[in-house]
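S.K.:
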Amino acid sequence: MLCQECGVRPATLHFTKIVNGEKTEFHICENCAREKGELIPGTSGGFSIHSLLSGLLDLEGSSKGKSSPEAKPQEVRCEECGMTYRQFSKLGRFGCSSCYKFFDKGLDPLFKRVHGNTSHVGKIPKRIGAQIQFKRQIDELKEQLQQVIAQEEFERAAELRDQIRKLEKEIAQE
Amino acid sequence: MPDLRFTEQALSEWMRSGGSHSEIVISTRVRIARNIQHHPFPLLATKNQADEILDVLAPVVDQNQETGYGTFHLLKLDELEELDKKVLVEKHLISPNLVNDSRSGAVLLNEDESVSIMINEEDHLRIQCLFPGFQVQEAWERATAIDDIFEETVDYAFDDRRGYLTSCPTNVGTGLRASVMMHLPALVMTQQISRILSAVNQVGLTARGIYGEGSEAAGNVFQISNQITLGQTEAEIIDNLHGVAVQIIEHESNARQRLLDDSALRITDRIMRSYGILSYAAVMELKEASQRLSDIRLGVDLGILKAPSISVLNELNVKTQPGFLQKMFGEKLSSAECDMYRAKLLRDTLGTTH
Ligand SMILES: [Zn+2]
Ligand SMILES: [Zn+2]
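As you go down the protein sequences, you meet chains A and B in turn.
Residue 31 in my numbering sits at position 31 of the first sequence, and the numbers go up by one each step.
Take any residue in the second sequence, count from 1 to its spot, add 1000: that is its number in my numbering.
1. Output yes if chain A places a C-beta closer than 9 Å to the C-beta of L1043 of chain B; else output no.
2. Less than 9 Å between the C-beta atoms of L1093 of chain B and S1012 of chain B, yes or no?
3. Would you please verify whether the beta carbon of E30 of chain A is less than 9 Å from any beta carbon of chain B?
4. For R1031 of chain B and G1175 of chain B, I'd like the C-alpha separation in whole angstroms.
5. Could you tell me which of B:R1162, B:A1145, B:Q1257 sits nearest to V1061 of chain B, measuring between CA atoms?
6. In the DSSP assignment, find the unbroken alpha helix (DSSP H) run with S1253 of chain B in it and report its ends.
7. Report the neighbours of L110 of chain A on chain B: residues whose CB is nearer than 9 Å to its CB, in chain order.
8. For ligand 2, is there any heavy atom lying closer than 8 Å to the beta carbon of E80 of chain A?
9. Give me the Cα-Cα distance between L1130 of chain B and K142 of chain A, rounded to the nearest whole angstrom.
10. Sorry if obvious, but does the Cβ on S1179 of chain B come closer than 8 Å to a heavy atom of ligand 2?
11. Could you confirm whether any beta carbon from chain B is found closer than 9 Å to the beta carbon of T84 of chain A?
12. Please list, in chain order, all residues of the same chain as V148 of chain A whose beta carbon is under 7 Å from its beta carbon, the five residues on each side excluded.
13. Would you say the beta carbon of G1070 of chain B comes nearer than 8 Å to a heavy atom of ligand 2?
14. Do F94 of chain A and ligand 2 come close, with the Cβ less than 8 Å from some heavy atom?
15. Would the beta-carbon of S97 of chain A be found less than 8 Å away from any heavy atom of ligand 2?
16. Say the cut is 8 Å; is the CB of F102 of chain A nearer than that to a heavy atom of ligand 2?
17. Which partner residues of S1027 of chain B appear in the DSSP bridge assignment?
18. Determine the direct distance from the alpha carbon of G1133 of chain B to that of D139 of chain A, and round the result to whole angstroms.
19. What number of angstroms, rounded off, separates the C-alpha of V1283 of chain B from the C-alpha of R1258 of chain B?
20. Is M1328 of chain B near ligand 2, going by C-beta to nearest heavy atom under 8 Å?
21. Can you tell me which of the three DSSP states Q1137 of chain B falls into?
22. Taking DSSP as the reference, what is the three-state secondary structure of K1085 of chain B?
23. Inspect the beta-carbon positions of A1106 of chain B and L1077 of chain B and report whether they are closer than 9 Å.
24. I want to see whether chain A comes within less than 9 Å of H1039 of chain B, judged by CB atoms only; does it?
25. Within the present structure, is the beta-carbon of P1169 of chain B separated from the nearest heavy atom of ligand 2 by less than 8 Å?
26. Are the Cβ atoms of F102 of chain A and V76 of chain A separated by less than 9 Å?
27. If you drop the 5 nearest sequence neighbours on each side, which residues of the same chain put their C-beta closer than 8 Å to that of L167 of chain A?
28. Is P1040 of chain B close to ligand 2? I mean its beta-carbon at under 8 Å from any heavy atom of the ligand.
29. Which residue spans inside the stretch 1279 to 1324 of chain B form an unbroken alpha helix (DSSP H) run of at least 4?
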């Protein structure tokens, strides 16, 4: 399929944007995406690679149909940098690393679309990596702790609690 | 006073040697994107916050002899002339993004310019390694080694599920973008290029023209790079790019051979005409220069031309860019004057090689 902008190069970015229930399909090459984006980078009027991404976030579409009583996704705000989900979906870029945590719910479909995957399997930084291992262990132990408490195995619970404390101490010393 | 050695020479030291498959692959580049925990990404950072990032990252390799990749020099974008910034972009040592959208943007360059570390680009840190010819594995190994040096002192923004957290969702995970710059004139001439490029797109790679601007790949040069950064290991990404590039090299070689077999006279004529025009023209637009230099490169690779050397051609590709022409012939050249001086430069260089 050829790019609908230039009609010359093959389209490499394909996506469907749903605005107020109205479906629009885009097929565009990366050159055109970049070219358009460079004119007005990151603005809502721009057709940047980032606003292309925001099409994938399907902001308006996600609020219809699902009558969740919680806050609408676009009102979710990153507590670290203050970026809202609405801003994120407009800019197509995160404000800080914590945005990943606060916007987590909306990310799987986006990553699936862009990368075909949602989880990292590559390199892990050595120093923080060790902490991640500890954290994983602690989370597991905490889960076990909940179970044994529920089963009133208090001796085992005390053991688990000590193990958790020990690991937490090690993390603090890292 | 910023160090100006990097903008005075057209050709980086690393570009001088050939590398493998240099008749088709011009260069290999690997870039990895990293950010520091608990600091807003450059998009949102205030000037002070961006300065802080610079203060943390710059000393890691600046004046650090221990990296094994030579001494690094810090260039702050604020302290550079517009023209020098332009030249750094034309040499692919920094991105246009670092020039245009950056607060407290800076670059750390090693002496042979094979490592370029951008600070406060779209991400806090972008480590870029450049190699001549086809050396994907080598470029990755160097980039990850430099990443390890930073990681010893910097707390990266990393999540066990999402990997390295980047400003743009297209870089998350490995933060790795590996690319090979390929000269594919025979595939263009035989009209196989679009079929090949769309095949490239289907395996998670992407292809585009070298300077990323304008509508066509300048001088039949295409940059093939990975599109996926999440859910594949670095080794898989590197292997995939390597494997696909090997196939493209093969297709291009076959297409060149076929051109020689079926239409040697026509192809020789085309190369000789381009040589003649570049040696005598009085006005030369960039687009035509790129196309004709591509013909000459093909002529040299096919043994139809004995000179100039590939290294001279690489140098001309950089020197014929507007920033470099202005650097050589005067800061305020109109585009008509650029065309004139470009023609002069090409005449002076190619006219004397025969
Ligand atoms: Zn297009
Ligand atoms: Zn945030």
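For glycine and all other residues, C-beta sits at the position ideal for the given N, C-alpha and C.
M.R.: The answer reads as follows:
1. By one-based count along the second sequence, residue 1043 of chain B stands at place 43. So yes, L1043 of chain B belongs to the interface.
2. Mapped onto the second sequence, residue 1093 of chain B falls at position 93. Mapped onto the second sequence, residue 1012 of chain B falls at position 12. A contact, by the Cβ cut-off of 9 Å.
3. In the first sequence, the residue the question calls residue 30 of chain A occupies position 30. In terms of beta-carbon proximity, E30 of chain A lines the interface with chain B, with at least one pair separated by less than 9 Å.
4. If you number the second sequence from 1, residue 1031 of chain B lands on position 31. If you number the second sequence from 1, residue 1175 of chain B lands on position 175. Spanning the two alpha carbons is a distance of roughly 8 Å.
5. As a working note, residue 1061 of chain B is residue 61 in the second sequence. V1061 of chain B has its Cα closest to that of B:A1145, out of B:R1162, B:A1145, B:Q1257.
6. As a position in the second sequence, residue 1253 of chain B is number 253, starting the count at 1. The continuous alpha helix (DSSP H) containing S1253 of chain B extends over residues 1234 to 1280.
7. Position 110 of the first sequence holds residue 110 of chain A. Against chain B, a Cβ distance below 9 Å from L110 of chain A picks out P1169.
8. Taking the first residue of the first sequence as position 1, residue 80 of chain A is located at position 80. Judged by the Cβ position, E80 of chain A qualifies as a neighbour of ligand 2 at the 8 Å threshold, a heavy atom of the ligand being closer than this.
9. Taking the second sequence and counting its residues from 1, the one referred to as residue 1130 of chain B is at position 130. Taking the first sequence and counting its residues from 1, the one referred to as residue 142 of chain A is at position 142. For the pair L1130 of chain B and K142 of chain A, the Cα-to-Cα distance works out to about 47 Å.
10. Indexing the second sequence from 1 puts residue 1179 of chain B at position 179. Every heavy atom of ligand 2 is 8 Å or more from the Cβ of S1179 of chain B, so no.
11. Counting from one through the first sequence, the residue named residue 84 of chain A turns up at place 84. Chain B, which has no Cβ nearer than 9 Å to the Cβ of T84 of chain A, makes this no.
12. Working through the first sequence from its first residue, we reach residue 148 of chain A at position 148. Counting only Cβ-Cβ distances below 7 Å, and skipping sequence neighbours, we find R156, A157, L160.
13. To locate residue 1070 of chain B, count along the second sequence from 1; it is residue 70. Taking the Cβ of G1070 of chain B as the reference point, every heavy atom of ligand 2 lies at 8 Å or farther away.
14. Stepping through the first sequence from its first residue, residue 94 of chain A is reached at position 94. F94 of chain A has its CB nearer than 8 Å to a heavy atom of ligand 2.
15. On the first sequence, residue 97 of chain A is found 97 positions in, with the first residue counted as 1. Yes - ligand 2 has a heavy atom lying nearer than 8 Å to the Cβ of S97 of chain A.
16. To locate residue 102 of chain A, count along the first sequence from 1; it is residue 102. Yes, ligand 2 has a heavy atom inside 8 Å of this Cβ.
17. Here the question's residue 1027 of chain B lines up with position 27 in the second sequence. Note: S1027 of chain B sits in a beta bridge opposite B:P1132, B:M1181.
18. Here residue 139 of chain A refers to the residue found at position 139 when the first sequence is read from its first residue. Here residue 1133 of chain B refers to the residue found at position 133 when the second sequence is read from its first residue. Rounded to whole angstroms, D139 of chain A and G1133 of chain B show a C-alpha spacing of 48 Å.
19. Locating residue 1283 of chain B in the second sequence gives position 283, counting from the first residue. Locating residue 1258 of chain B in the second sequence gives position 258, counting from the first residue. Computed Cα separation, rounded: 34 Å.
20. The count along the second sequence starts at 1 and reaches residue 1328 of chain B at position 328. Within 8 Å of the C-beta of M1328 of chain B there is not a single heavy atom belonging to ligand 2.
21. In the second sequence, counting from the first residue as 1, residue 1137 of chain B sits at position 137. In the structure shown, Q1137 of chain B sits in a helix (DSSP, three-state: H, G or I).
22. Taking the second sequence and counting its residues from 1, one reaches residue 1085 of chain B at position 85. Correct three-state label for K1085 of chain B: helix.
23. As a working mapping, residue 1106 of chain B is identified with position 106 in the second sequence. As a working mapping, residue 1077 of chain B is identified with position 77 in the second sequence. A contact, by the Cβ cut-off of 9 Å.
24. For the purposes of this step, residue 1039 of chain B is taken as the residue at position 39 of the second sequence. It does; some Cβ of chain A falls within 9 Å.
25. For this step, residue 1169 of chain B is matched to residue 169 along the second sequence. No, the beta carbon of P1169 of chain B sits no closer than 8 Å to any heavy atom of ligand 2.
26. The residue labelled residue 102 of chain A in the question sits at position 102 within the first sequence. The residue labelled residue 76 of chain A in the question sits at position 76 within the first sequence. V76 of chain A is positioned such that its CB atom lies closer than 9 Å to that of F102 of chain A.
27. Taking the first residue of the first sequence as 1, we reach residue 167 of chain A at position 167. Closer than 8 Å at Cβ, skipping near neighbours: F134, Q137, I138, L141.
28. As a first step, residue 1040 of chain B must be located in the second sequence, where it is residue number 40. Result yes, Cβ under 8 Å from ligand 2.
29. Listed in chain order, the complete alpha helix (DSSP H) runs (minimum 4 residues) inside the stretch 1279 to 1324 of chain B are 1286 to 1301, 1310 to 1319.
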